[in-house]
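Everything below concerns the one structure shown next.
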Amino acid sequence: MAPTPPKPDIDDLNPKGFFADIVGALSGTLQEVVGMDEASAFVARVGDDMGRNIADLYRDDAGVLPGKPTEIGRILCDLKQRIGGHFELVEAGADKLVFTASTCPFGARVEGRPSLCMMTTNVFGRIAAQANGYASVQIDEALSLGHSRCHVTVHLTRSEDGDIYEFFA
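FYI, the numbering for the sequence shown is 1124 to 1292, going by the numbering used here.
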């Protein structure tokens, strides 16, 4: 059963809050009705489409995404900032990018809804793969699971580390 949502606040009744409520309710309902794996797969599919579309917003006039690790990291942090999250790039190497996040774009609505983490997984993975040719993503800590932060690694080369999701250009 999905956790009880936070007490509504009249100031949250705005387009951003309304759509975040819809997404939170949809993911919670999916988790309850079809289970975590299927809910995660559904959110992953939506995230993949979103990642492809968002990647296009960061292409230069020649249609190219910046491909240096620090540039990819900057794009992913900028994206999260624009949609209401706070992600920081804490490591940028040739083989991986490591991010931490103190704020999720879904806010408190993400609590108990780890299927929503597939949105970050797929958007980050799709953008990084489009820029780099390959990417895999793992989330080791998540606000949705009650951790104090999110800890996300985007591998830019093949990795066998942990539970990863792979993406190809």
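We put the CB at the ideal spot given by N, CA and C, even for glycine.
Per DSSP, reduced to three states, the secondary structure at L1212 is strand.
In the DSSP secondary-structure assignment, K1219 is bridged to H1278.
E1283 carries a coil assignment under DSSP once its states are collapsed to helix, strand and coil. Between E1283 and H1274, the gap from beta carbon to beta carbon reaches 8 angstroms or more. Counted as a single uninterrupted DSSP element, the stretch harbouring E1155 is not any beta strand (DSSP E) but the alpha helix (DSSP H) occupying residues P1138 to V1157. Secondary structure of V1187 (DSSP, three-state): coil. Annotation for A1252: the continuous alpha helix (DSSP H) segment containing it runs C1240 to N1255.
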